[in-house]
Amino acid sequence: MEIMVIVAHPYEKSFNHALYQTVIKSLHTNQHHVYAHHLYKEKFNPILTGTELANGKTKDYLVIQHREEIKKVEGLIIIHPNWWGQPPAILKGWMDRVLRSGIAYEFDEGDDGSGVPHGLLKIKTALVFNTSNTPEKREIEVFGDPLERIWKDCVFDFCGVYQVYRKIFRTISGSTPEERKAWLSETKKIVNEFFP
Ligand SMILES: Cc1cc2nc3c(=O)[nH]c(=O)nc-3n(C[C@H](O)[C@H](O)[C@H](O)COP(=O)(O)O)c2cc1C
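Residue numbering for the sequence shown follows the numbering used here, starting at 16 and increasing by one per position.
Shown next as structure tokens:
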């Protein structure tokens, strides 16, 4: 299967990058074709210009490449830390520029954009791996886990991706090497389960 993997974290020694390496290795072991993207290293430009907003077109080679890939893959894995209850800005810009109308979704003819769109993506399964420093109880009671709604409802459901599994590793601060090792094993198991 063709699978796109996105990591949005600037530091290669972070736990997020350990997750990214684990995911790629597991997918390769399972003989999938992987399109792996380290957005910071690629210097993905998250800025959606006025012209691009208006006509959807871009000459940005990376954006064109990401759009072509997302249109054809059947699997997507996204890895990022919880930053202010949101994805890092570089990944937010990736959504703005890659998941455009005509690529990820479209509205019926005559719909001014206020209706319910049709998802266009062929992706059957999306996995989201997040890291956080907030214990689960506080995340749910105080913050309402905004990343759950962002990924499942606002992004994937909108784009026609219905099998979505999200795993949050927490709390990263204060975690022991043993805990991290176990989290990486768990990641491998999840990838093997969804992308055998
Ligand atoms: C800009 C910024 C914003 C953050 N906001 C949150 C937050 O809203 N909730 C949270 O639990 N942790 C937050 N954190 C902590 C990160 O989630 C945590 O450092 C990261 O998940 C740890 O993984 P890493 O070692 O791979 O960076 C934030 C960190 C940064 C740098």
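Glycine included, each C-beta is placed from N, C-alpha and C at the ideal position.
query	result
For a quick check, are the C-beta atoms of Arg-181 and Leu-136 less than 9 angstroms apart?	no
Under 8 angstroms Cβ to Cβ from Val-113, same chain only, skipping five residues before and after it: list those, please.	Val-78, His-81, Arg-82, Ile-85 and Ala-119
Going by beta-carbon coordinates alone, are Pro-96 and Ile-155 separated by less than 9 angstroms?	no
Going residue by residue through the segment 114-185, where are the continuous beta strand (DSSP E) segments of at least 3 residues, counting only ones entirely within it?	140-147 and 178-185
So is the beta-carbon of Glu-124 under 8 angstroms away from any non-hydrogen atom of ligand 1?	no
Does ligand 1 have a heavy atom nearer than 8 angstroms to the CB of Arg-185?	yes
Under 7 angstroms Cβ to Cβ from Thr-15, same chain only, skipping five residues before and after it: list those, please.	Limits of the chain in this structure are 16 at one end and 211 at the other, which puts residue 15 out of reach.
Just the residues with CB closer than 6 angstroms to a heavy atom of ligand 1, in chain order, which are they?	His-24, Ser-29, Phe-30, Asn-31, Pro-96, Asn-97, Trp-98, Trp-99, Gly-100, Thr-146, Ser-147, Asn-148, Thr-149 and Ile-187
Spatial neighbours of Gly-100 within its chain, please: CB distance less than 6 angstroms, with the 5 preceding and 5 following residues excluded, ordered by chain position.	Phe-158 and Pro-161
Going by CA-CA distance only, name the one from His-24, Ile-21, Pro-25 and Phe-30 that's closest to Glu-194.	Phe-30
Since His-81 is in the alpha helix (DSSP H), which residue starts that stretch and which ends it?	76-87
For the candidate residues Asp-168, Tyr-76, Lys-56 and Phe-210, whose alpha-carbon lies nearest to that of Gly-134?	Asp-168
Going by DSSP in three states, Ala-51 sits in which element: helix, strand or coil?	strand
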